[in-house]
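Worksheet for the structure shown next.
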C-alpha cells in the first residue's frame with residue numbers, strides 16, 4: 033500500500049475526542065488532524081513525539097490532514113486502522129501470506145453472519161468451502177512483544193464468534209493479526225486489558241478458527257506485509 037502523497041512530519045500536541053489530534057508542523061503552525069483509530073493507542077500518543085500526516089485527497093474536506101504514522105524510538109508505526117485490510121489484500125495477492133495461497137477469488141467487505149462484514153472472503157469457483165479472513169491491526173508493544181487488543185473490544189469478540197460459526201458450517205476461518213511495526217519478536221493477546229477477548233479467542237481456536245500473525249514493513253512511502261511473527265497464546 034502506497035500513500036497517495038508525501039507524508040508531512042510534525043510534533044504531537046495532543047490526541048482528544050478519540051478521532052482528533054493537534055499537531056505542530058515544522059513551520060510552527062498548529063493543525064488538527066483526523067485520527068482513524070478507535071483504540072486507546074497506548075504508547076503512541078505521547079505529547080512531543082514525531083508523527084507523520086497525509087494531506088487530504090479531497091480539498092473540500094474539513095480536516096486537511098490525517099494522522100498516518102507514529103515514530104517511537106526510531107520505529108515507524110501505522111496508526112491508521114483504515115489501512116490493514118488493504119495491506120492484507122495486497123499481501124495475499126502477492127503471495128506474502130502462503131497460508132492463504134490457492135484461492136481464485138478475493139472479495140472485500142462481504143456481508144455474513146448477524147449484521148457483520150468479513151474483511152476478506154477467499155474462494156475457488158469449483159469449491160463450496162469458503163475462507164473467511166478477519167484482519168486486526170496490532171500496534172501495542174510491551175517488552176518486545178506485540179499485543180492485541182490495546183483496549184476492550186466487544187466488537188472483536190463478536191467477530192470471533194462469527195468466525196466460529198463459519199467453521200461450524202463447514203467453511204475455513206482465519207484470524208489474521210497484522211502488526212503495524214517491525215520491532216517485535218512475538219505476538220500474544222493482552223488478556224490483562226481485555227480478558228473477555230482472550231477467552232473468546234481460545235474458544236474460537238477450539239472450534240477450529242486459525243490464527244496467523246505477520247509484521248508489516250512501515251515506511252513514509254507505504255506499508256506492506258513483511259514476515260510471520262511467532263505466536264504465543
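In the numbering used here, the protein residues as written are 33 to 265.
Every residue gets a Cβ at the ideal spot worked out from N, C-alpha and C, and that includes glycine.
As the structure is a computational prediction, the values presented were derived from the model and not from experiment.
If distances are taken between C-alpha atoms only, which option among 77, 102, 74, 141 comes closest to residue 86?
Cα-wise, what sits closest to residue 86 is 102.
Can residue 212 and residue 171 be called in contact, C-beta distance under 9 Å?
Cβ distance < 9 Å, so residue 212 and residue 171 count as in contact.
By the three-class DSSP mapping on this structure, what secondary structure does residue 178 have?
Strand, per DSSP.
Looking at residue 210: is its Cβ nearer than 9 Å to the Cβ of residue 116?
In this structure, residue 116 lies closer than 9 Å to residue 210 by Cβ.
Specify whether the region 130–147 and the region 76–95 touch according to this definition: at least 3 beta carbon pairs, one from each stretch, less than 8 Å apart.
With a cut-off of 8 Å, the region 76–95 and the region 130–147 do not count as touching, because too few Cβ pairs lie within range.
Tell me which residues share the same chain as residue 122 and place their Cβ nearer than 7 Å to its Cβ, disregarding the 5 neighbours each side in the sequence.
Cβ within range, chain order: 33, 256.
Measure the CB-CB distance between residue 119 and residue 248 and report whether it falls below 9 Å.
Result yes, Cβ atoms of residue 119 and residue 248 sit closer than 9 Å.
Using 8 Å as the Cβ pair cut-off and three pairs as the minimum, do the region 188–197 and the region 227–247 touch?
These segments touch.
Hey, quick one: how far does the alpha helix (DSSP H) through residue 187 stretch, first residue to last?
It spans 186–200 - the alpha helix (DSSP H) in which residue 187 sits, taken as one unbroken run.
Between residue 142 and the rest of its own chain, which residues show a CB-CB distance below 6 Å, the 5 nearest in sequence each way excluded?
These residues qualify, in order along the chain: 150, 153.
For residue 226, does the count of other Cβ atoms within 10 angstroms reach 16, so buried, or fall short, so exposed?
Taking a 10 Å sphere around the C-beta of residue 226, we find 16 or more other C-beta atoms and assign the residue as buried.
Among the residues of its own chain, which have a CB less than 6 Å from the CB of residue 74, if the five just before and after it don't count?
If we look at residue 74 and ignore the five residues flanking it on each side, its Cβ neighbours are 172, 182.
In the DSSP assignment, the beta strand (DSSP E) including residue 139 goes from what residue to what residue?
137–144 is the span of the beta strand (DSSP E), which, as asked, contains residue 139.
Give the DSSP-derived three-state secondary structure of residue 49 in the structure shown.
Residue state, collapsed to three classes: coil.
Give the straight-line distance between the Cα atoms of residue 38 and residue 94, rounded to the nearest whole angstrom.
Spanning the alpha carbons of residue 38 and residue 94 requires a straight line of approximately 20 Å.
Distance between residue 178 and residue 259 (C-alpha atoms, nearest Å)
One alpha carbon belongs to residue 259, the other to residue 178, and they sit about 14 Å apart.
Backbone CA spacing between residue 49 and residue 263 [nearest angstrom]
A straight-line Cα-Cα distance of about 33 Å links residue 49 and residue 263.
For a quick check, are the C-beta atoms of residue 68 and residue 113 less than 9 Å apart?
Contact: yes.
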